[in-house]
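Remarks on the structure that follows.
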Amino acid sequence: MAEIIKNEPIANGIYRMSVFGAPLGRAGQFFMLRVPGALDPLLGRPISICEIDADKGETTFVYQPIGRGTAQFAALLPGQQIEAQGPYGNGFPLKGGRTVLIGGGIGTAPMLQLAKELRKSDPARKIDVFLGFREEAYLEKEFESYADNVTRNIGGYVTNDVDFALDATYYACGPSVMLRAAAKAADEANASLFVSLEKHMACGVGACLGCTCQTEHGRKRVCKDGPVFDYREVRDAI
Amino acid sequence: MAEIIKNEPIANGIYRMSVFGAPLGRAGQFFMLRVPGALDPLLGRPISICEIDADKGETTFVYQPIGRGTAQFAALLPGQQIEAQGPYGNGFPLKGGRTVLIGGGIGTAPMLQLAKELRKSDPARKIDVFLGFREEAYLEKEFESYADNVTRNIGGYVTNDVDFALDATYYACGPSVMLRAAAKAADEANASLFVSLEKHMACGVGACLGCTCQTEHGRKRVCKDGPVFDYREVRDAI
Amino acid sequence: MPSNPLKLTLCGISLQNPVIAASGTFGFGHEYAEILDVSRLGGISGKGLTLNGSAGNKGMRVYETPSGMLNSIGLENPGVRHFVTHEADYMRALGPAVIANLGGHCEEDYLEGAHLLNDADIDILELNISCPNVKAGGMAFGMLPETAADITQKVKAVSRHPVMVKLSPNAPDLVAVARACESAGADALSLVNTFLGMAIDVKQKCAVFENVYAGLSGPAILPIALRMVHQVAHAVTIPVVGMGGITSAEDALKFLMAGAVAVQVGTMTFADPKAMLRIIDGLSDYCAQEGLDNLQQIVGIL
Amino acid sequence: MPSNPLKLTLCGISLQNPVIAASGTFGFGHEYAEILDVSRLGGISGKGLTLNGSAGNKGMRVYETPSGMLNSIGLENPGVRHFVTHEADYMRALGPAVIANLGGHCEEDYLEGAHLLNDADIDILELNISCPNVKAGGMAFGMLPETAADITQKVKAVSRHPVMVKLSPNAPDLVAVARACESAGADALSLVNTFLGMAIDVKQKCAVFENVYAGLSGPAILPIALRMVHQVAHAVTIPVVGMGGITSAEDALKFLMAGAVAVQVGTMTFADPKAMLRIIDGLSDYCAQEGLDNLQQIVGIL
Ligand SMILES: Cc1cc2nc3c(=O)[nH]c(=O)nc-3n(C[C@H](O)[C@H](O)[C@H](O)COP(=O)(O)OP(=O)(O)OC[C@H]3O[C@@H](n4cnc5c(N)ncnc54)[C@H](O)[C@@H]3O)c2cc1C
Ligand SMILES: Cc1cc2nc3c(=O)[nH]c(=O)nc-3n(C[C@H](O)[C@H](O)[C@H](O)COP(=O)(O)OP(=O)(O)OC[C@H]3O[C@@H](n4cnc5c(N)ncnc54)[C@H](O)[C@@H]3O)c2cc1C
Ligand SMILES: Cc1cc2nc3c(=O)[nH]c(=O)nc-3n(C[C@H](O)[C@H](O)[C@H](O)COP(=O)(O)O)c2cc1C
Ligand SMILES: Cc1cc2nc3c(=O)[nH]c(=O)nc-3n(C[C@H](O)[C@H](O)[C@H](O)COP(=O)(O)O)c2cc1C
Ligand code: FES
Ligand code: FES
Numbered sequence: 001m002a003e004i005i006k007n008e009p010i011a012n013g014i015y016r017m018s019v020f021g022a023p024l025g026r027a028g029q030f031f032m033l034r035v036p037g038a039l040d041p042l043l044g045r046p047i048s049i050c051e052i053d054a055d056k057g058e059t060t061f062v063y064q065p066i067g068r069g070t071a072q073f074a075a076l077l078p079g080q081q082i083e084a085q086g087p088y089g090n091g092f093p094l095k096g097g098r099t100v101l102i103g104g105g106i107g108t109a110p111m112l113q114l115a116k117e118l119r120k121s122d123p124a125r126k127i128d129v130f131l132g133f134r135e136e137a138y139l140e141k142e143f144e145s146y147a148d149n150v151t152r153n154i155g156g157y158v159t160n161d162v163d164f165a166l167d168a169t170y171y172a173c174g175p176s177v178m179l180r181a182a183a184k185a186a187d188e189a190n191a192s193l194f195v196s197l198e199k200h201m202a203c204g205v206g207a208c209l210g211c212t213c214q215t216e217h218g219r220k221r222v223c224k225d226g227p228v229f230d231y232r233e234v235r236d237a238i
Numbered sequence: 001m002a003e004i005i006k007n008e009p010i011a012n013g014i015y016r017m018s019v020f021g022a023p024l025g026r027a028g029q030f031f032m033l034r035v036p037g038a039l040d041p042l043l044g045r046p047i048s049i050c051e052i053d054a055d056k057g058e059t060t061f062v063y064q065p066i067g068r069g070t071a072q073f074a075a076l077l078p079g080q081q082i083e084a085q086g087p088y089g090n091g092f093p094l095k096g097g098r099t100v101l102i103g104g105g106i107g108t109a110p111m112l113q114l115a116k117e118l119r120k121s122d123p124a125r126k127i128d129v130f131l132g133f134r135e136e137a138y139l140e141k142e143f144e145s146y147a148d149n150v151t152r153n154i155g156g157y158v159t160n161d162v163d164f165a166l167d168a169t170y171y172a173c174g175p176s177v178m179l180r181a182a183a184k185a186a187d188e189a190n191a192s193l194f195v196s197l198e199k200h201m202a203c204g205v206g207a208c209l210g211c212t213c214q215t216e217h218g219r220k221r222v223c224k225d226g227p228v229f230d231y232r233e234v235r236d237a238i
Numbered sequence: 001m002p003s004n005p006l007k008l009t010l011c012g013i014s015l016q017n018p019v020i021a022a023s024g025t026f027g028f029g030h031e032y033a034e035i036l037d038v039s040r041l042g043g044i045s046g047k048g049l050t051l052n053g054s055a056g057n058k059g060m061r062v063y064e065t066p067s068g069m070l071n072s073i074g075l076e077n078p079g080v081r082h083f084v085t086h087e088a089d090y091m092r093a094l095g096p097a098v099i100a101n102l103g104g105h106c107e108e109d110y111l112e113g114a115h116l117l118n119d120a121d122i123d124i125l126e127l128n129i130s131c132p133n134v135k136a137g138g139m140a141f142g143m144l145p146e147t148a149a150d151i152t153q154k155v156k157a158v159s160r161h162p163v164m165v166k167l168s169p170n171a172p173d174l175v176a177v178a179r180a181c182e183s184a185g186a187d188a189l190s191l192v193n194t195f196l197g198m199a200i201d202v203k204q205k206c207a208v209f210e211n212v213y214a215g216l217s218g219p220a221i222l223p224i225a226l227r228m229v230h231q232v233a234h235a236v237t238i239p240v241v242g243m244g245g246i247t248s249a250e251d252a253l254k255f256l257m258a259g260a261v262a263v264q265v266g267t268m269t270f271a272d273p274k275a276m277l278r279i280i281d282g283l284s285d286y287c288a289q290e291g292l293d294n295l296q297q298i299v300g301i302l
Numbered sequence: 001m002p003s004n005p006l007k008l009t010l011c012g013i014s015l016q017n018p019v020i021a022a023s024g025t026f027g028f029g030h031e032y033a034e035i036l037d038v039s040r041l042g043g044i045s046g047k048g049l050t051l052n053g054s055a056g057n058k059g060m061r062v063y064e065t066p067s068g069m070l071n072s073i074g075l076e077n078p079g080v081r082h083f084v085t086h087e088a089d090y091m092r093a094l095g096p097a098v099i100a101n102l103g104g105h106c107e108e109d110y111l112e113g114a115h116l117l118n119d120a121d122i123d124i125l126e127l128n129i130s131c132p133n134v135k136a137g138g139m140a141f142g143m144l145p146e147t148a149a150d151i152t153q154k155v156k157a158v159s160r161h162p163v164m165v166k167l168s169p170n171a172p173d174l175v176a177v178a179r180a181c182e183s184a185g186a187d188a189l190s191l192v193n194t195f196l197g198m199a200i201d202v203k204q205k206c207a208v209f210e211n212v213y214a215g216l217s218g219p220a221i222l223p224i225a226l227r228m229v230h231q232v233a234h235a236v237t238i239p240v241v242g243m244g245g246i247t248s249a250e251d252a253l254k255f256l257m258a259g260a261v262a263v264q265v266g267t268m269t270f271a272d273p274k275a276m277l278r279i280i281d282g283l284s285d286y287c288a289q290e291g292l293d294n295l296q297q298i299v300g301i302l
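Chains as they are written, first to last, in this note's numbering: chain A, 1 to 238; chain B, 1 to 238; chain C, 1 to 302; chain D, 1 to 302.
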């Protein structure tokens, strides 16, 4: 059980929630969040770690209330409790050298903690961040603390802004169309690209087989073996 | 939908919640309260009006978190919404002359608004209040604003403190044992006694027939034809 | 002036929309008429009637379960004669289509009840052969195709009203029962009635209900009810009215897409008395968004 | 030293408590072993196996419903041989009783699978004749008393392990199936598997699941599952293991009072991974409060 410290809109239809007491994870991992007590909604909702403040013991999520579960989250107030099971999933591999981060919509959320960890692991490296939004940008300022460049795109194709021919590691999270475009570009440029996938989940830990997908190395569970994969492995599942 | 103004414990395991925006009722009526959105708990919980502040448009409830629904209420914070359907039920008949109010445990709650209305209807009348609690008293002070005497009993039988032989109207709400004792005493003294009954409810409006009881005048619905009855009518249902 | 996209015809009766209050959850309309504009409903199915009325079951009658409820009302009702003389005209005056729900303990009761209802100005007789809460009650008739067909055919022979048979989800072979009722002349089918369930009071170490088992309704049963409506709608050609846990316009659309021409809403009305009005508004919005001339165009598209 | 009041014997196997992880909801134990002390469980029923393994169903596989979920995993599993060589010993080392859940597409698959499992160090073979998610799959065997008895008897003849037959709540006559399995030699029965349900994506105007229907589990089904366990436990003399929507010690006690000697917990583990540990602690507390030497004293008191 974690305690809600803050829970506020940061853009139209986008909320940021900070909680205290959830075990600390790492970039690319997620929690199954659930309002305690009631049996409906029943299952936890997978929500990525957006930022970790290890000193304060706080984890921040950025989420979009789109259905019953997430709408319930938006109604919570500081001081109330939320069940935060996790951290689950493999997280992003922290590669050395130059890195390019591509986030689309709510997929920008996990990129922030990734930028933070990449920066911490190497204060001198180059980190380029590309953010794509449909209508309104968010988290831009936060990225500026860790990135060298933050490019944002509203209403267009963020992947068009990205040069995939650099000697860099690329990380992407966002809607399928965006990931497919990134994969195509990475193919053409022979780039190294890691993608974070989304699937409907029940358990989040690898037990129910609700989120499996076909990969180059057999069937894998997005929640447990992912959500982050080398895009070449999961080409058919994007 | 009503907005929560206050929601705090006032004794061990007893909460008081004030809401704004619920239609104003009268003493003895109740609301079906429900946390909006989720489908579990599904049904509203019948909770009596404890006090009405007509000027502010506020209704106050006093409740005991004993199960899933009421425990959910206790976790709500000011600013959050609660569905308050009602007011339902007949309410207490406001008789003239001397009155004696008997409340047991959480059954003290509806008596407060009754005292208020009785006092308002006749500033000169005599109002005696008897409150029985198992371990800890609450609402005592509030009753003092309207009553001439407030007698409390902790751990004993509150009905033993009451003289049923007065030329007065008696009102009682509390656990069945208490109501049965009051009915017996009223029988012996030939007193006029109104009791507020409790039954498990689904609709609260008289449509589901989940709360019917056998009365002297045929089957009646506690939610719609009651919850307040002349005790003689519902002797077998107490 | 564009015509009302929600209107439909059920058993030759014109309904202004496909949202009907489910039997046993709306009385005869009085109570909710004080709280909401009941004239906006498509129809109202009244509390289940038995020939001579009944005081219903003893003991606990309603019990909440996760996203659902068990009830053991046991058809408490004032009897068919009372309905004919005191309730039918009131219901007619409310505006929505009037459906009388008739249960029975034996064939004679059903037939005499149906006969008496010929004197009432109702639109549809809903033949309840599926109430699980009365011993030797309606559900016995609804479990097997033969008995269901038999009572349907006999009631049809007596009644001047269209007959909609209400099916039990507890029937071993629901589709066979549905087909049998169709062959026996049913004008429409409605389903589902409640699922047989059980509750135990752990503290008291006893069953919560005097009858031990009771009927489960509410959102919890929606996925099973939807599957059953889909199966039945694909097996018969008469209209099917679907129900079971509907809470929203989206839920209602699911039943329509699965093959129901109309829906009934029960338990959700208890939780939110205005649920049916919300659903009607939502269906209107849906037609506008999708550019549908008539909502019936989506019936059975799955 | 007082003995453990939760312990019991099931099919001759000693269990430290009556709380068993339900098949398909706990993998083979690996995943939850990272999160909680799985050694405290009474038993673990592994993911349903088929002879040659399977990639499971395509498309959407899990979908939340009010207080429940539909699944259409379709028995994705690595096959019996893989289980025997790679999983059985791991499960044994975890501590709780080891139950292998075996599904099948045809009689040969079941018998060959049961034969191969003779080489594995398991405690109980749970014969799954009730998976609703595989076409021509296990559920076909579980619908009728004759087919259920036939496969039970044949598997019993092949297997060196005690056989617990897992029943389908979708069987037209569940009690008859239970009796038939008992007569055919089943050592125990477990129920319920999931209820056939349906989900529709209104926006896309299509069924959510490629197989159209899927299996409903979770708290929503508890009242129906409890009724079925009560019915079956009263109809047979072999032990019954109950399940369906259990979330708490109180829920578990309901199934025990209804006649189950042990329970399985599935969906609730997804919502709260530690649910089974809470349940075990709650059952211990209950024995202490009630002064029970052994929890089995309350089995079937209703
Ligand atoms: C690994 C992972 C990380 C995620 N991180 C974030 C994040 O940081 N911020 C954010 O806003 N969203 C995130 N999502 C998506 C988020 O989980 C869904 O938006 C959310 O579950 C929707 O729940 P709901 O109750 O609002 O919607 P409903 O439609 O009511 O949900 C019904 C069911 O479907 C599931 N579901 C619905 N949409 C999705 C979806 N897009 N992905 C997975 N399951 C879904 C729900 O979990 C639930 O079980 C993430 C998803 C995954 C798989
Ligand atoms: C007319 C009326 C007025 C009431 N006024 C108050 C009040 O002012 N303050 C207060 O604390 N309580 C009051 N109660 C009792 C209150 O309704 C129950 O304590 C509450 O419903 C319990 O809900 P739960 O979810 O906490 O318990 P659960 O046991 O989880 O509830 C399960 C179901 O049982 C019903 N239920 C459980 N206990 C009772 C009960 N004692 N009476 C009726 N239904 C019950 C619930 O409504 C729910 O449908 C009143 C009851 C009635 C009938
Ligand atoms: C309290 C209650 C009483 C009911 N009484 C009747 C009845 O008299 N006749 C009948 O045919 N169905 C009766 N039903 C069943 C409902 O009409 C409906 O079939 C069922 O509740 C499923 O719909 P729902 O989930 O929307 O409630 C009753 C249901 C409830 C909850
Ligand atoms: C995701 C999922 C997968 C399941 N897989 C199996 C299986 O492989 N074999 C089986 O016998 N039952 C399977 N079941 C059924 C459960 O074992 C159990 O019978 C059912 O879920 C009811 O219990 P519950 O409500 O506690 O989940 C599965 C259930 C779920 C939810
Ligand atoms: S969500 Fe259960 S295996 Fe991934
Ligand atoms: S609670 Fe429905 S009639 Fe009283």
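Heads up, the beta-carbon is just placed ideally off N, CA and C, and yes, glycines get one too.
Got a sec? Which residues, its chain only, sit under 6 Å from residue i by beta carbon, not counting five neighbours each side?
{"i": "A288 (chain D)", "result": "none"}
{"i": "I99 (chain C)", "result": "G43, S45, I124, E126"}
{"i": "A120 (chain D)", "result": "V84, A88"}
Looking at the secondary structure, which residues open and close the beta strand (DSSP E) in which residue i lies?
{"i": "Q204 (chain D)", "result": "Premise fails: Q204 (chain D) is in no beta strand (DSSP E) and is neither H nor E."}
{"i": "F194 (chain B)", "result": "192 to 196"}
When burial is assigned at 16 or more other CB atoms within 10 Å of the CB, is residue i buried or exposed?
{"i": "E87 (chain D)", "result": "buried"}
{"i": "M72 (chain D)", "result": "The sequence shown places Ser at residue 72 (chain D), rather than the Met named in the question. Per the 10 Å Cβ criterion, buried."}
{"i": "R134 (chain B)", "result": "exposed"}
{"i": "V177 (chain B)", "result": "exposed"}
If you draw a straight line from the alpha carbon of residue i to that of residue j, how long is it in whole angstroms?
{"i": "A136 (chain D)", "j": "H105 (chain D)", "result": "Unreliable positioning characterises A136 (chain D) in this predicted model, as indicated by a pLDDT of 47, which lies under 50. The coordinate reading is nonetheless provided below. For A136 (chain D) and H105 (chain D), the distance between alpha carbons rounds to 6 Å."}
{"i": "L8 (chain D)", "j": "L167 (chain D)", "result": "22 Å"}
{"i": "L6 (chain C)", "j": "V241 (chain C)", "result": "15 Å"}
{"i": "F31 (chain B)", "j": "E3 (chain B)", "result": "14 Å"}
{"i": "A186 (chain C)", "j": "D150 (chain C)", "result": "11 Å"}
{"i": "F141 (chain C)", "j": "Y110 (chain C)", "result": "11 Å"}
{"i": "A207 (chain C)", "j": "P223 (chain D)", "result": "12 Å"}
Near residue i, what residues of its chain come up, given a Cβ to Cβ distance below 7 Å and the 5 sequence neighbours on each side ignored?
{"i": "P66 (chain C)", "result": "A220"}
{"i": "M201 (chain A)", "result": "P46, G210, C211, C223"}
{"i": "K116 (chain A)", "result": "E51, Y146"}
{"i": "K274 (chain D)", "result": "L36"}
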